[in-house]
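Trainee: Numbering (the UniProt record's numbering) for the sequence shown: 1 to 71. Note that CB positions come from ideal geometry on N, CA and C, so glycine has one too. Pasting a structure here, questions to come.
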Amino acid sequence: MKTLHGAPGNTSRTCWRRVLSTRWLGDDAIIARRPWKTSPPTLGGLQFGDRPICSEFPIIGKMKNKNARYI
């Protein structure tokens with residue numbers, strides 16, 4: 001997965017930077033082959049073309065109405 005961020009480098013020698021990174025996938029996501037090194041690596045027997053249904057990609061919620069859209 002590629003990342004876009006806009007924070008400058010941390011030049012402090014006394015303060016650490018703390019970061020929280022999350023990845024959100026839709027229910028139509030699949031493991032795709034990419035020409036670059038992917039992150040996170042696919043573990044747990046996932047193959048290219050598989051849906052990411054495993055403990056590495058926990059489901060945190062489901063929509064009751066599949067036709068509903070978030071804006």
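Which residues in the same chain have their Cβ closer than 8 Å to the Cβ of residue 44, if we skip the five residues on either side of it in sequence?
Mentor: 54, 55, 56
Trainee: Excluding the 5 residues flanking residue 46 on each side, which residues of the same chain have their C-beta closer than 7 Å to its C-beta?
Mentor: 31, 52, 54
Trainee: For residue 60 and residue 4, I'd like the C-alpha separation in whole angstroms.
Mentor: 23 Å
Trainee: Is the beta carbon of residue 10 sitting closer than 8 Å to the one on residue 18?
Mentor: no
Trainee: Whose C-beta lies closer than 7 Å to the C-beta of residue 49 among residues of the same chain, with five residues either side of it excluded?
Mentor: 30, 31
Trainee: Can you find the residues in the same chain that come closer than 6 Å, C-beta to C-beta, to residue 65, ignoring five residues on each side of it along the sequence?
Mentor: none
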